[in-house]
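In full-length UniProt numbering, the protein residues as written are 1 to 997. Think of the CB as a built atom: it goes at the ideal place given N, C-alpha and C, for glycine as much as any other residue. Bear in mind that the values here come from a model prediction, so they are computed numbers and not experimental data.
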Ligand code: GAL
């Protein structure tokens with residue numbers, strides 16, 4: 001298959017491309033091991049010799065641990081007109097132990113690659129090994145943070161040896177899916193966000209490794225700031241990019257915008273002028289921290305909402321960026337031990353697609369931008385002719401910022417406007433003089449607050465149509481049934497005009513609110529109007545206008561060419577599309593079968609679709625059902641109306657109340673005579689973790705050094721009573737927002753709390769004296785038991801790559817009199833080398849007794865357990881740990897996508913933590929005294945929508961106080977449609993082969 005790399009696009013049969021640019025094999029000057037099918041110049045990327053605007057978003061498949069749902073995200077991104085996704089892979093899950101490479105289940109890449117090929121989505125893969133991503137250790141496998149003596153992310157030999165098998169595994173999975181093999185992968189990023197000073201050799205080693213491998217696509221990089229890392233010299237990549245998060249990550253005041261930096265283009269021209277302007281991550285949302293004052297993800301969605309996207313993304317367009325990826329487009333869930341200490345379970349991110357896969361209002365703006373870019377190939381190659389801050393004279397008032405971009409080949413011009421003060425809410429009619437092939441033209445355009453708009457000059461669309469200028473915005477342009485079709489739009493209440501060559505005999509009447517002045521070119525003025533208007537309707541051309549909302553209701557699904565390579569990749573394998581408007585929530589796929597337009601998609605209400613399709617289309621099928629179809633008056637040909645019926649299946653959904661809880665104590669470790677002889681003895685005196693023990697007797701009590709790197713770890717320190725001991729001093733390190741509860745024998749001493757990350761005073765470790773109450777000491781052997789939550793490992797902090805090596809555990813231990821004999825440690829069964837649950841993986845479990853016994857797994861027999869309601873909390877209102885388990889049945893109708901959450905209903909404040917297991921998967925960590933998360937979306941596929949489900953709540957009460965959690969199932973939304981059948985694969989307790997306790 002390597003042969004493909006040497007073939008030209010024509011030889012590949014890519015003759016359907018309308019905008020084939022000349023294919024110059026010398027354009028690149030890159031290493032000979034690379035394919036020419038991916039190339040770039042100073043303007044843009046080209047694939048198969050054809051330019052594209054890489055229009056992308058970030059998606060982490062491991063944060064949606066149900067591979068059958070991945071096509072849902074891909075289809076939603078594709079349906080917005082986007083053409084690409086950017087994907088971090090997670091070393092921590094894929095390479096859980098030295099020498100173990102596991103691409104099964106949610107760790108797999110193949111299903112993603114197949115789904116991307118199917119959906120027609122290009123992929124930029126970002127395997128790290130370091131990815132940052134608000135994930136523990138920035139994605140590095142936990143074992144290497146303790147096993148590698150050398151500095152992480154350097155050329156230290158043992159660090160090198162630690163990433164090779166993982167990167168090789170990634171290469172083996174990925175190489176067959178590169179574009180050269182007919183696959184979707186077009187680039188691979190080297191590591192992530194680093195400094196060349198620290199990591200030049202490490203980067204070079206990665207690059208050399210790829211060069212010697214079957215990877216033939218370009219290597220890219222994501223710089224954390226305007227630092228010019230890895231552009232030249234050792235470790236330099238092929239294509240440099242930079243990430244921008246202009247609103248940063250505090251969503252508390254979502255309407256207060258930070259100012260827009262105006263030097264993006266200038267920096268690019270200084271840094272890498274011979275390359276296209278690439279932002280591998282531009283802010284698509286924000287992460288949120290632990291703590292009662294954390295604003296939650298809806299605030300992040302507001303902060304980065306449609307107005308932000310409009311103003312800031314188009315500012316990047318104005319800075320001539322031609323590769324943009326929005327981080328995140330779907331955030332998902334940092335389930336199990338995934339999060340780094342700074343974030344909680346939800347990684348919703350306020351992204352366009354929410355954690356439960358529902359489309360936020362941001363999706364409308366995504367579509368407007370996606371379809372404009374898809375419709376406008378002239379925009380893929382533009383020169384920056386100036387902006388009003390740098391001397392561009394367009395006659396606009398001073399408080400308006402205008403940039404002029406021009407396609408040097410076609411002379412298409414793009415004037416991008418916004419207020420100078422990006423946060424301004426002023427509503428102004430901006431006069432402007434633009435340059436066209438017919439000379440300068442005076443016009444005006446309304447900027448109503450936080451908006452950005454584009455005035456077009458000499459804009460070509462379809463096969464041969466042209467617009468001389470337009471203050472109306474382009475939603476869609478293309479060819480349908482050999483006819484040039486354009487859908488323009490404007491905000492309700494704002495006047496717009498466009499000058500267009502109208503072609504062919506018009507069948508439409510002039511709509512109300514529209515005036516058409518014939519001349520050399522015809523000028524169409526539209527004032528204050530709503531709905532969809534037909535401006536011109538001939539055999540050669542269909543010109544439509546709509547208000548913004550109506551336009552945004554349209555989808556333009558790709559109609560794949562089943563016979564072509566890249567048959568579903570827009571403008572590579574096909575240029576065929578139809579317009580489907582009028583309010584379907586989502587149009588996923590389209591094809592034409594004889595006279596029938598076959599659509600799949602989702603509805604959340606009944607609606608009537610307006611369809612513009614080839615005239616041969618007489619019938620429409622929606623999700624397999626024939627629709628009632630009639631002619632539409634939008635056009636004299638190829639326009640249909642189809643009733644999309646919402647069956648109201650939501651009425652058939654009733655979620656059960658969670659009840660019938662069974663209870664069992666999960667802390668036998670504090671009972672007299674508990675036998676810990678099978679536990680690991682913690683007697684190491686050496687560690688590779690740079691933060692050494694603070695005090696004690698030289699023993700290192702760091703969980704990861706004993707194979708227990710994630711989730712809850714238990715420690716037992718034995719000492720002989722002298723009769724004198726009154727206290728123990730413990731310095732406990734759990735990462736920010738941790739907790740550790742300490743007992744002497746069966747007597748609760750206290751809990752050590754790490755503060756919340758947004759409490760201004762982050763604490764990852766505390767040194768406390770735990771006093772022994774009268775009578776707690778017994779004769780002979782005494783045991784200090786510590787239940788400790790490990791919140792994950794840090795990302796690279798303050799330029800120190802070794803900051804991901806964390807001393808999670810007990811950094812200091814000292815009795816006020818006498819010494820400890822044995823220290824014992826227990827984490828997940830088998831540690832990272834031998835954990836039994838290969839399906840759910842190394843991130844899922846911790847070391848609680850109930851987890852070790854498998855009580856969290858479906859199928860565990862709880863019939864002998866005590867009946868006790870969750871709201872009764874632990875017995876006697878004591879500090880401790882108990883498991884509550886129940887089952888419930890779901891009977892969700894087929895053909896429905898109905899996201900469900902598990903929601904804690906009581907107020908924040910009580911001192912408890914919950915590890916929430918659903919069918920064995922740890923889908924949430926509830927920290928009731930910190931918050932903010934109380935609602936935990938659980939994906940279909942983890943939940944069985946047509947069967948019995950098990951929920952297990954590991955409840956850890958951290959004080960001698962009553963706690964009273966209440967948990968309910970909540971239905972978040974109901975869509976008729978969905979991605980299709982979801983496989984359920986939740987191994988039962990018996991199948992994990994673990995022993996009974
Ligand atoms: C970027 C980084 C991402 C993620 C993001 C914040 O700088 O590359 O991995 O951490 O910040 O969400």
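Could you check the C-alpha separation between residue 892 and residue 974 for me, to the nearest Å? Roughly 10 Å separates the two Cα atoms.
When 333, 620 and 351 are compared against residue 344, the one with the closest alpha-carbon: When only C-alpha atoms are compared, the closest one is 333.
Does the beta carbon of residue 537 fall short of 7 Å from some heavy atom of the ligand GAL? No, since every heavy atom of the ligand GAL falls outside the 7 Å radius drawn around the Cβ of residue 537.
Exposed or buried, what is residue 409 when buried is set at 16 or more other beta-carbons lying within 10 Å of its beta-carbon? Residue burial annotation: residue 409 is exposed, with fewer than 16 other C-beta atoms found within 10 angstroms of its C-beta.
May I ask you to verify whether the stretch 910 to 918 touches the stretch 932 to 951, counting CB pairs closer than 8 Å and requiring at least 3? Yes: at least three Cβ pairs fall under 8 Å.
Beta-carbon gap between residue 314 and residue 53 smaller than 8 Å: Result no, Cβ atoms of residue 314 and residue 53 do not sit closer than 8 Å.
Exposed unless 16 or more other CB atoms sit within 10 angstroms - verdict on residue 889: Classified as exposed, residue 889 has fewer than 16 neighbouring CB atoms from the shown chains inside 10 Å of its CB.
Report yes if the C-beta of residue 131 is less than 7 Å from at least one heavy atom of the ligand GAL; otherwise report no. Yes, Cβ of residue 131 sits closer than 7 Å to a heavy atom of the ligand GAL.
Distance, Cα to Cα, residue 271 vs residue 298? Approximately 36 Å, taken between the alpha carbons.
Leaving out the 5 sequence neighbours to the left and right, which residues in its chain are closer than 7 Å to residue 365 when beta-carbon positions are compared? Closer than 7 Å at the Cβ level, and outside the excluded window around residue 365, lie 306, 309 and 310.
Under a Cβ-count criterion, where at least 16 other Cβ atoms within 10 Å of its own Cβ denotes burial, should residue 695 be classed as buried or exposed? It is exposed - the Cβ of residue 695 has fewer than 16 other Cβ atoms within 10 Å.
Please classify residue 754: does DSSP put it in a helix, a strand, or coil? Residue state, collapsed to three classes: coil.
Should the stretch 729 to 738 be called in touch with the stretch 786 to 795, which here means at least 3 C-beta pairs below 8 Å? Counting Cβ pairs under 8 Å, three or more are found: they touch.
Please name the residue, chosen from 752, 697 and 666, that lies closest to residue 818 on a Cα-to-Cα basis. For residue 818, the nearest C-alpha among the options comes from 697.
With a 10 Å radius around its C-beta and 16 neighbouring C-beta atoms as the bar for buried, classify residue 375 as buried or exposed. Buried, by the Cβ-count rule.
Measuring straight from C-alpha to C-alpha, what distance separates residue 495 and residue 530? Each residue's alpha carbon lies about 12 Å from the other.
So the alpha helix (DSSP H) residue 163 belongs to, where does it begin and stop? For residue 163, the enclosing alpha helix (DSSP H) has its first and last residue at 157 to 174.
Own chain partners of residue 493 with C-beta closer than 8 Å, once the 5 adjacent residues on each side are dropped: If we look at residue 493 and ignore the five residues flanking it on each side, its Cβ neighbours are 528.
Strand pairing of residue 58, partner residues [DSSP]: For residue 58, which the question treats as bridged, DSSP gives the partners 86.
Compute the distance between the beta-carbons of residue 977 and residue 649, then report whether it is under 8 Å. Contact flag unset, no.
Residues of its chain near residue 454, where Cβ-Cβ distance is below 6 Å and the 5 sequence neighbours each way are ignored: Hits under 6 Å: 414 and 416.
Please return the same chain residues whose Cβ sits closer than 6 Å to the Cβ of residue 507, not counting the five positions on each side in sequence. The answer, listed in chain order, is 537 and 636.
Please check the pair residue 589 and residue 557, which I expect to be a contact at CB under 8 Å, by giving their CB distance rounded to whole angstroms. About 6 Å; that satisfies the 8 Å criterion.
Distance between residue 154 and residue 26 (C-alpha atoms, nearest Å): The pLDDT assigned to residue 26 is 37, lower than 50, so where the model puts this residue is not dependable; a value taken from the coordinates is nonetheless given after this. Residue 26 and residue 154 have their C-alpha atoms roughly 34 Å apart.
Any heavy atom of the ligand ZN inside 7 Å of the beta-carbon of residue 191? No copy of the ligand ZN appears in this structure; the ligands present are the ligand GAL.
N-terminal and C-terminal residue of the alpha helix (DSSP H) that residue 852 is part of: Per DSSP, residue 852 belongs to the alpha helix (DSSP H) from 849 to 853.
Under 8 Å, do residue 994 and residue 824 count as touching if we go by C-beta distance? No.
Which residues does DSSP pair with residue 466 in a beta bridge? By DSSP's assignment, residue 466 forms a beta bridge with 460.
Could you check the C-alpha separation between residue 1021 and residue 287 for me, to the nearest Å? What the structure shows of the chain is the stretch from 1 to 997, and residue 1021 is not part of that stretch, so it cannot be assessed.
When you compare only the Cα positions, how much space is there between residue 1019 and residue 319? Residue 1019 is absent from the model: the chain starts at 1 and stops at 997.
Where residue 431 and residue 95 are concerned, what is the direct C-alpha to C-alpha distance, given to the nearest angstrom? Those two C-alpha atoms are separated by around 59 Å.
When every heavy atom of the ligand GAL is checked, does at least one fall within less than 7 Å of the C-beta of residue 134? The ligand GAL has a heavy atom closer than 7 Å to the beta-carbon of residue 134.
Which of helix, strand or coil does DSSP assign to residue 107? DSSP places residue 107 in the helix class (H, G or I) of the three-state scheme.
Residue 224 beta carbon near the ligand GAL (any heavy atom closer than 7 Å): Under cutoff, so the answer is yes.
Counting only runs that start and end within the stretch 762 to 831, where is the alpha helix (DSSP H) found for 4 or more residues in a row? Whole alpha helix (DSSP H) segments, 4+ residues: zero.
Which of helix, strand or coil does DSSP assign to residue 324? Reduced to three states, the DSSP call for residue 324 is strand.
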